[in-house]
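Q:
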Amino acid sequence: MTQVSRRGFLKSVAGMWAALPAVTAFPAIITSKTRAAARAMGKLPVLVCSRGEDWGTKTNAPGWEILKNGGSLLDAIEKSANVTELDPEDMSVGYGGLPNEEGVVQLDASCMYGPTHKAGCVAALEGIKTPSSVARLVLERTDHMMLVGHGAQRFAIAHGFQVENLLTERARLEWLKWKENLSTEDDWLPPADGVYRDRTGRPTGTINVLGVDAQGNVAGITTTSGLAYKIPGRIGDSPIIGAGLYVDNEVGAAGATGRGEEVIRTCGSFYIVQLMRQGMHPTKACLEACRRIVEINKRLGVKIDFTDKFVAVNKKGEVGCAAIGHTKEYKPEVAFTNPDGFVAMAGERFEV
Ligand code: GLY
């Protein structure tokens, strides 16, 4: 494969959509950039990562090695998802993820395989660095679909996984800062100067890895440490099939990141796949899922102070991405690798 970096060249495929309301048909505006993006996508096999150039490059690398050589689609997405899970620099997925309110890292993940329409999910799993691998084993080695908490950990141990401390020093210090600044009424005091600082945000990172092999088979993984400082036992959208991930071998796949509760109550990934089934382009389907979340909250008079982002790929290998955006500067990103090389591109923003 030729590794083609298209930095700065394909980054604004969003231009294809930007001027258009979310419900218009496929836009007629064609620029040289959109032509280039359109040329790059729609080829098989393809591996999609829900992040931009830096993470996309390292995440897709091991999976693409498998996929381009005709290897197993599940092996490809698993190996790519493992990259972020094992990297302590990422504080929203796997090892090094931010913990729950008690300082314990609890991980959620799902894996779905189109040809069998089977899924495997784990939730509130402690001590295992690669929950997506355990989710894959639930899919392949049980007739269940979801294992949680202690049961999920015991299942992982039975399959030879090591139980390890997932709380890195960096994540512990972040958690402690959050805890000490939580309230002026409790017994936890901030260090030294005794000044209470604003509570830091509560990141929801997550990563989706989606793939379509040369035969048009579709699969996906979503993996996360979930909402930072959550109530112990809280499960987000990532391990819920139809919410944080959905795969249909006749259509394609979609995955979500961001505030999981919003994605669960709108069945976000399932909704996107259903829209693609009706012929909608992946980016436009992702935009519609954002619109649904925004509309529900507006109708209820709820301030939208969160974000959600969706990525999708159809069976033809066309990739899309959209997110709920609060500022014009924010451009959701998605990256994919196909026989033409690696492409990192901006998706579309649904403004609130
Ligand atoms: N999307 C990750 C979570 O809310 O847990």
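If you read the sequence shown in my numbering, its first letter stands for residue 5, the second for the next number, and so on.
Cβ atoms here follow ideal geometry from the backbone N, Cα and C, with glycine treated the same way.
#1: Got a sec: does ligand 1 put a non-hydrogen atom nearer than 8 Å to the Cβ of D309?
#2: Would you mind stating whether A339 and T63 have Cβ atoms separated by less than 9 Å?
#3: Span of the alpha helix (DSSP H) holding S273?
#4: State the beta-bridge partners of S229 as determined by DSSP.
#5: Answer yes if the stretch 104 to 112 comes into contact with the stretch 170 to 181, meaning at least three C-beta pairs across the two stretches below 8 Å, and no otherwise.
#6: Ignore the nearest five residues each way along the sequence and tell me which others in L151's own chain have a CB closer than 6 Å to its CB.
#7: Count the other CB atoms, across all protein chains shown, that sit within 10 Å of the CB of D112; report buried if there are 16 or more and exposed otherwise.
#8: Closer than 8 Å to a non-hydrogen atom of ligand 1 - does that hold for the CB of L231?
#9: How about E265: is its Cβ closer than 8 Å to a heavy atom in ligand 1?
#10: Pop quiz: G324 and C290 are said to be a contact at Cβ under 8 Å. What is the actual Cβ separation, rounded to whole angstroms?
#11: Check for me: the alpha helix (DSSP H) holding V87 runs from which residue to which?
#12: Find the nearest neighbour of M149 within the set G305, G246, V317 and S273, judged by alpha-carbon distance.
#13: Cβ atoms of L214 and V3: under 9 Å apart, would you say?
#14: Let me know the secondary structure DSSP gives R296 once reduced to three states.
#15: Return helix, strand or coil for L24, following the three-state DSSP convention.
#16: For the beta strand (DSSP E) holding L4, just list the boundary residues, first then last.
#17: Nearer than 8 Å: is that true of the beta carbon of D94 relative to any heavy atom of ligand 1?
#18: Give a yes or no on whether the C-beta atoms belonging to N342 and G256 are separated by under 9 Å.
#19: Can you find the residues in the same chain that come closer than 6 Å, C-beta to C-beta, to G237, ignoring five residues on each side of it along the sequence?
#20: Less than 8 Å separating the Cβ of G345 from some heavy atom of ligand 1?
#21: Buried or exposed: which applies to H163, given that a residue is buried once 16 or more other Cβ atoms fall within 10 Å of its Cβ?
#22: Should D147 be listed as close to ligand 1, given that the test is whether its C-beta is under 8 Å from any heavy atom?
#23: Can you tell me whether A32 is helix, strand or coil according to DSSP?
#24: Just to confirm, does S136 get its C-beta within under 8 Å of one of the non-hydrogen atoms of ligand 1?
#25: Measuring only the C-alpha atoms, how far is I34 from A44?
#26: According to the neighbour-count rule (16 or more other Cβ atoms, all chains shown, within 10 Å of its Cβ), is G195 buried or exposed?
#27: For E322, which option in V277, R303 and I300 has the closest C-alpha, if you only look at C-alpha atoms?
#28: Please classify D309: does DSSP put it in a helix, a strand, or coil?
#29: Can you tell me the Cα-Cα spacing of C53 and V347, whole angstroms?
A: This is what the structure holds:
#1: no
#2: Yes, the Cβ-Cβ distance between A339 and T63 is below 9 Å.
#3: Per DSSP, S273 belongs to the alpha helix (DSSP H) from G272 to R281.
#4: Answer by DSSP bridge pairing: none, since S229 is not bridged.
#5: yes
#6: V126, V142 and F159
#7: Label assigned to D112: buried.
#8: yes
#9: For E265, the distance from the CB to the nearest heavy atom of ligand 1 is below 8 Å.
#10: 5 Å
#11: L77 to L90
#12: G246
#13: No information on residue 3 is available, as it lies outside the stretch 5 to 356 that the chain covers here.
#14: helix
#15: Below a pLDDT of 50, predicted positions are generally treated as unreliable, and L24, at 34, falls in that range; no measurement from the model is reported.
#16: Given that the chain is displayed from residue 5 to residue 356, the structure contains no residue 4 and the question cannot be resolved.
#17: no
#18: no
#19: A128
#20: no
#21: exposed
#22: For ligand 1, not one heavy atom lies less than 8 Å from the Cβ of D147.
#23: Residue placement at A32 cannot be trusted, given a pLDDT of 34 that sits under 50; what the coordinates show is reported in the next sentence. Coil, per DSSP.
#24: It does not: the Cβ of S136 is nowhere closer than 8 Å to a heavy atom of ligand 1.
#25: Only weak support is given to the placement of I34: the predicted model assigns it a pLDDT of 43, under 50, and the question is left unresolved by the model.
#26: Checking the sequence shown, residue 195 turns out to be Pro, not Gly. With fewer than 16 other Cβ atoms within 10 Å, it is exposed.
#27: Nearest neighbour of E322 by Cα position, chosen from V277, R303 and I300, turns out to be V277.
#28: coil
#29: So the two alpha carbons sit approximately 10 Å from each other.
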